[in-house]
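Enquirer: Here it is: the structure, laid out below.
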Amino acid sequence: MDTSTYELREEPPTPERFVELRDAAGMAHRTVEAAREGVPNSHYAVTVVAREDGDATVVGMGRIVGDGGTVFQLTDIVVHPDHQGQGLGTEITDALVTHLRETAPESAYVNLMADVEGFYEHWGFEPTAPDSRGMFIRIGEE
C-alpha cells in the first residue's frame with residue numbers, strides 16, 4: 001500500500017529526474033544534455049513530489065512549451081509507474097490546462113501528442129484527423 005503524500009509544485013524537474021521519469025514510464029529517451037537545454041525553456045512546468053518517511057521525491061511532471069502567444073504544446077506528462085493510479089496525471093493536466101486558460105491569449109492554439117486513449121478529452125482536446133494529421137521526425141534516427 002502506498003502511504004505517500006503528494007504535493008504539486010509549479011516548477012520543472014531537474015534535467016536528470018526529467019530523463020529518469022520518461023525512461024521509467026517507457027517514453028522515448030531524451031539525453032540529460034538535451035534536457036539541460038530544453039527543460040529550463042519550458043513556458044510552464046509542474047512536478048508532483050511524493051513525501052514518505054521524511055524523503056521527498058519527484059514522481060510526476062508535466063510541461064507546456066511554445067512561443068508564449070500563438071502556440072502551446074502540453075508535453076512530458078508522466079507519473080512514475082510506482083505512483084500511477086493515484087489521480088496524479090489528472091492533477092498535473094488540470095494544472096497545465098488551468099494555467100493556459102488563465103494566461104494564454106484567446107486565439108492560442110494548444111496541442112499535444114497523446115498515447116492515452118480517452119484521457120485528454122476531459123479537458124476538451126479533440127483528435128485533429130481527418131482535418132489535419134500529426135507528423136514527427138526524431139533527430140538521430142534517420
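Going by UniProt numbering, the first residue of the sequence shown is number 1, and it counts up by one from there. Virtual Cβ for every residue (Gly too), placed ideally from N, Cα, C. This one's a predicted model, so the numbers in the text were calculated from it and none came from an experiment.
1) Of all the alpha helix (DSSP H) runs that stay within the bounds of the UniProt domain "N-acetyltransferase" (6-142), which reach a length of 4 or more residues?
2) Figure out for me which residue from R30, A56, F18 and S107 has the closest Cα to the Cα of G62.
3) Considering only residues of the same chain and omitting the five flanking positions on each side of A28, which have a CB-CB separation below 8 Å?
4) For N41, which residues in the same chain have their Cβ closer than 8 Å to its Cβ, ignoring the five residues on either side in sequence?
5) Please go through the same chain and pick out, in chain order, the residues whose beta-carbon is closer than 7 Å to the beta-carbon of M1, but skip the five residues on each side of it.
6) How big is the Cα-Cα spacing for W10 and R133?
7) What does the alpha-carbon distance come out to for the pair G140 and A24?
8) Can you check whether the CB of V49 is closer than 8 Å to the CB of E91?
9) With distance defined between alpha-carbon atoms, name the residue in T93, A104, D55 and F125 nearest to F72.
10) Would you call H80 buried or exposed, if buried means 16 or more other Cβ atoms sit within 10 Å of its Cβ?
11) Closest by CA to D76, which one among Q86, V58, A45 and H83?
Expert: In short, the structure shows the following:
1) Fully enclosed alpha helix (DSSP H) runs of 4 or longer: 15-24, 32-38 and 88-103.
2) Taking the Cα of G62 as reference, the smallest distance to any Cα among R30, A56, F18 and S107 is reached at F18.
3) Counting only Cβ-Cβ distances below 8 Å, and skipping sequence neighbours, we find R22 and R138.
4) Within the same chain, N41 has close Cβ partners V65.
5) Low confidence applies here, because M1 scores a pLDDT of 37, under 50, leaving its location unreliable; read the following figure in that light. Hits under 7 Å: none found.
6) Sequence check: residue 10 is Glu here, not Trp. Near 32 Å, if we compare the C-alpha coordinates of R133 and E10.
7) Rounded to the nearest angstrom, the gap between the Cα atoms of G140 and A24 is 21 Å.
8) Not a contact, by the Cβ cut-off of 8 Å.
9) Selected option, being the one with the closest Cα: A104.
10) Buried is the call here.
11) D76 has its Cα closest to that of A45, out of Q86, V58, A45 and H83.
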